[in-house]
Every structure is written in C-alpha cells, then in structure tokens.
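The structure appears right after this line, and notes come after that.
Chains as they are written, first to last, in the working numbering: chain A, 114 to 248; chain B, 114 to 248.
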C-alpha cells in the first residue's frame, strides 16, 4: 500500500497567485478559511476560536525534484539544501503553517494570516502544544 | 497523479515498541538518528549541530480511520476530535517533532529527544523559523 495522503479539506483565500503569496504567514498574509470535508467533521469538532494550531498542507504547485534553493528566492544568498529552508519546493511538498483560529462555523475554520493560496489541499490540523505540565 | 509521499530517510532509535514511546519528545524520549537516503543528501547538506528543526514523519503504524480519541489514552478525558489532539491516529498520520541536531555525520543526523520508534519513515525536515527580522 503506497503512502498516499488524502486531503481533509481545502484552503479558501483571497490569494490566488503564487507570486502574491508572502513567504510566511506573519509577513502580511490574509485571513483564510479552512473548509473541512464533512466526512472529517468529527475530527474537527473540538476546534474553536482562539486555538493556536498547526496546519499541514499539500503544496500541489511545488517542484519535488528541487534539492537546493537560494533562500527566499534571493540569488545573493548561497544555494542551500531545502531541508534547511522553508522553500515549498522539496521532495515531499508539505507546508507547515502556525495560525490562530478566529472563528468556526460548521466545518469552516477561519484562521489569521495564512500564506497558502486558494485551493491548497489541507492534510492535517494539530494543536500547538503547551508546556509539559499543562498537557 | 495521486498525492504519494516518498520517505527521504528513516528513524533509527532504541525505541522499538509503540508502548515504549513517550507521548512527546520532551517527555523522556531518547536521542535518535535521522538516516537520510543518499539520493537526498544535497537537500540535507546544510544541516548542522545546534540547528533547531521540525521533523515530519509518516506514522506507519497509526490508524487512519480514527476521528476522535481520549487525549493521551486517558479514558477519563472526553472523546476529542483528533485535529485537537496530537494522537498518531488521524486521517493523514504525519508526525511532527521539534528537535535539536546534536551531530551530523555524512547523511546521518543525530537529534535530541525524538519519540518516534525505530523504522519510522521521515518525510521532511524544516528549520524552525526565527523572528521575521532575522530571516
């Protein structure tokens, strides 16, 4: 059985073009909606406003054969192995975004400052962990 | 083309059984080796001791049809949607581990405190991002 990922939802955003997307969510990205597939509604049932979450996405437009890049597309920076960068181009193009939930309506989760473009598949949502003693 | 993930390496650890693994890496997990596939050596070429990284793994022993769990396996805690937990059982069983690199020898990266068991496939390595002003 191959290791196939199944989208659990999709990003809905006003960002439509890759060149419009900031490098990171805290660099001016807009709020966006995580629209969960209703078949996974039980998995998202405890998400609520104020939660800090990590969203994993499938960067479907990325190149998987890129092993080194100039960080942030700046050619003055030396070529750097992609595992030391946040480039979307990498062998498994999984995006990692830490965001705060603003609102939840049904299976639509609105988050603050997400740099993924409209239509990006979502693979997973995880809570940001607090210190050991409050788990 | 389906969304297939390809392991870029494998975890080598003294943890062999799921019941031996702590819930999180900072709860007594041992140091472990990330053994990268040599075909991805250029992607890992800039990893070095002291780097703080996020390792994404494929939790190959997890159940993908679990949508809610008792957090930390504690049945006194209410059933909770998996997107609000770090349970390995989830639709896309991707593990997320923040660790510090202790040493790099060739394509073997030793890290501090990893709770993944021996043989866990690795999907990606990303740097932990610093504040915006130092990127």
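The C-beta atom is built at its ideal place from N, Cα and C for all residues, glycine as well.
Keep in mind that this is a model prediction, so the values were computed, not measured.
- request: Measure how close the beta-carbons of residue 215 of chain B and residue 144 of chain B come, nearest whole angstrom, since I'm counting them as under 8 angstroms.
  value: 6 angstroms
field: Residues of the region 166-180 of chain B whose Cβ lies closer than 7 angstroms to any Cβ of chain A, in chain order
entry: 167, 169, 171 and 180
query: Taking residue 243 of chain A as the reference, which of B:197, B:186, B:240 and B:202 has the closest Cα?
result: B:197
query: Excluding five sequence neighbours on each side, which residues of the same chain lie with their C-beta closer than 7 angstroms to the C-beta of residue 209 of chain B?
result: 167 and 169
query: Touch check for the region 170-184 of chain A and the region 219-236 of chain A: three-plus C-beta pairs under 8 angstroms?
result: yes
task: Check whether the Cβ atoms of residue 109 of chain A and residue 121 of chain B lie closer than 8 angstroms to each other.
output: Because chain A spans 114 through 248 in this model, residue 109 of chain A falls outside it and cannot be assessed.
message: List, in chain order, every chain B residue whose beta-carbon is nearer than 7 angstroms to that of residue 158 of chain A.
response: 194
Secondary structure of residue 132 of chain A, DSSP reduced to three states: helix
field: Interface flag, residue 124 of chain A vs chain B, CB-CB below 8 angstroms
entry: no
field: Own chain residues within Cβ distance below 8 angstroms of residue 114 of chain B, not counting five before or after
entry: Residue confidence for residue 114 of chain B is low, a pLDDT of 47 falling below 50, so the modelled location carries little weight and cannot support an answer.
- prompt: Is the beta carbon of residue 156 of chain B less than 8 angstroms from the beta carbon of residue 203 of chain A?
  reply: yes
task: Enumerate in chain order the residues of its own chain whose CB-to-CB distance from residue 148 of chain B is below 6 angstroms, with the five nearest sequence positions on each side excluded.
output: 122, 123, 125 and 221
- prompt: Using the beta-carbon of each residue, which ones in chain B are nearer than 7 angstroms to residue 155 of chain A?
  reply: 180, 181 and 194
field: chain B contacts made by the region 194-214 of chain A, where a contact means CB separation under 8 angstroms
entry: 194, 195, 196, 197, 198, 199, 203, 204, 205, 207 and 209
Cutoff 8 angstroms: residue 135 of chain A Cβ touching any chain B Cβ: no
query: Which residues in the same chain have their Cβ closer than 6 angstroms to the Cβ of residue 211 of chain A, if we skip the five residues on either side of it in sequence?
result: 167
field: Selected residue, minimal CA-CA separation from residue 238 of chain A, among A:185, A:188, A:200 and A:154
entry: A:154
field: Own chain, CB closer than 7 angstroms to residue 190 of chain A, minus 5 neighbours either side, in chain order
entry: 183 and 184
message: Measuring only the C-alpha atoms, how far is residue 253 of chain B from residue 219 of chain B?
response: There is simply no residue 253 of chain B to check, as chain B begins at 114 and stops at 248 in what is shown.
- prompt: Candidates A:133, A:146, A:118 and A:117: which alpha carbon is nearest residue 213 of chain A's?
  reply: A:146
query: Distance, Cα to Cα, residue 192 of chain A vs residue 187 of chain B?
result: 47 angstroms
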